[in-house]
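Colleague:
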Amino acid sequence: MTTEKATFGAGCFWGVEENFRKLKGVTSTAVGYAGGTKENPSYEDVCSDETGHAEVVEVEFDPAQLSYDELLDVFWSSHNPTTLNRQGPDVGTQYRSVIFYNSPAQKIAAEASKQKAEQSGEFKRPVVTQIEPAPTFWRAEEYHQRYLEKRGRSHCAI
Numbered sequence: 166m167t168t169e170k171a172t173f174g175a176g177c178f179w180g181v182e183e184n185f186r187k188l189k190g191v192t193s194t195a196v197g198y199a200g201g202t203k204e205n206p207s208y209e210d211v212c213s214d215e216t217g218h219a220e221v222v223e224v225e226f227d228p229a230q231l232s233y234d235e236l237l238d239v240f241w242s243s244h245n246p247t248t249l250n251r252q253g254p255d256v257g258t259q260y261r262s263v264i265f266y267n268s269p270a271q272k273i274a275a276e277a278s279k280q281k282a283e284q285s286g287e288f289k290r291p292v293v294t295q296i297e298p299a300p301t302f303w304r305a306e307e308y309h310q311r312y313l314e315k316r317g318r319s320h321c322a323i
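If you read the sequence shown in our numbering, its first letter stands for residue 166, the second for the next number, and so on.
This is the structure:
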């Protein structure tokens, strides 16, 4: 089986991971940090809002069972892509909406899906989602991995 990776930032990574983890065709998920300036940041570093990292989910998936476009659909439905550096009560650059693409094909698909989201009429404000090449993914501390699953929860209460 050949797998691919997809990397998404859509606010607090706990709920975002849970949304992707349950999909048929996802072989693994990991939460972590990407897009910042500090090597191997800690959660405290990222929460300082000084490193520039986003909380992200790295999704490994089998494209024979689940397409990247389907992952993008889940991404758009998992958060509000019109709020800059904010999701619900969480505020800071680490909560920004961002797609980190891992291949030229992912970049094209991400840009097309963003345009589709902008033109859908679903959002009353402009979509502020960033689309950038995937930088180094720094895996978050173990207690963050599958955080909601470990606590018997399916989503974060906002």
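Backbone N, C-alpha and C define an ideal beta-carbon position, used for all residues, glycine too.
Which residue spans inside the segment 294-323 form an unbroken beta strand (DSSP E) run of at least 3?
Modeller: Within the segment 294-323, the complete beta strand (DSSP E) runs of at least 3 residues are 295-298.
Colleague: Sorted by chain position, which residues of the same chain lie with C-beta nearer than 8 Å to L231's C-beta, five sequence neighbours on each side aside?
Modeller: Excluding residues within five positions, the ones whose Cβ falls inside 8 Å are L188, K189, G190 and V191.
Colleague: Assuming S302 contacts T167 under a Cβ cut-off of 8 Å, what Cβ separation, rounded to an integer in Å, is found between them?
Modeller: Per the sequence shown, residue 302 should be read as Phe rather than Ser. Rounded, the Cβ-Cβ distance is 19 Å, inconsistent with contact.
Colleague: Does the segment 249-269 come within contact of the segment 305-313, defined as at least 3 CB pairs closer than 8 Å?
Modeller: Taking 8 Å as the limit for Cβ pairs, the verdict is that the segment 305-313 does not touch the segment 249-269.
Colleague: Just to confirm the assignment: which complete alpha helix (DSSP H) runs, minimum length 4, are found wholly within the segment 219-250?
Modeller: DSSP runs (the alpha helix (DSSP H)) wholly in the segment 219-250: 233-242.
Colleague: Can you give me the Cβ contacts of T216 inside the same chain, cut-off strictly under 7 Å, excluding the 5 residues immediately before and after it?
Modeller: Once the five neighbours on either side are set aside, the close Cβ partners of T216 are G201, T202, K203, P206 and D210.
Colleague: Cα separation between K289 and D255?
Modeller: Going from the Cα of K289 to the Cα of D255 covers about 20 Å.
Colleague: Please report the straight-line C-alpha distance between G317 and E183, rounded to a whole angstrom.
Modeller: For G317 and E183, the distance between alpha carbons rounds to 11 Å.
Colleague: Using only alpha-carbon positions, find the residue among W179, Y208, S242 and A175 that is nearest to E314.
Modeller: Here the closest residue by C-alpha is W179.
Colleague: Between the C-alpha atoms of Y260 and V221, what's the straight-line distance to the nearest angstrom?
Modeller: Approximately 9 Å, taken between the alpha carbons.
Colleague: Helix, strand or coil for K189 per DSSP?
Modeller: In this structure, K189 counts as coil in the three-state DSSP scheme.
Colleague: For the putative contact between Q271 and A175, defined by C-beta atoms under 8 Å, what is the C-beta separation to the nearest angstrom?
Modeller: Actually they do not touch by this definition, with Cβ atoms about 16 Å apart.
Colleague: Looking only at C-alpha atoms, which of A219, D238 and N245 sits nearest to H292?
Modeller: Note that residue 292 is Val in the sequence shown here, rather than His. Comparing Cα positions, the closest option is N245.
Colleague: Would you mind reading off the limits of the alpha helix (DSSP H) that contains P262?
Modeller: Here residue 262 is Ser; the residue named in the question, Pro, does not match the sequence. Counting along the chain, S262 falls outside any alpha helix (DSSP H), though it belongs to the beta strand (DSSP E) covering S262 to Y266.
Colleague: Looking at C-alpha atoms only, which residue of E235, R304 and P298 is the closest neighbour of S278?
Modeller: Cα-wise, what sits closest to S278 is E235.
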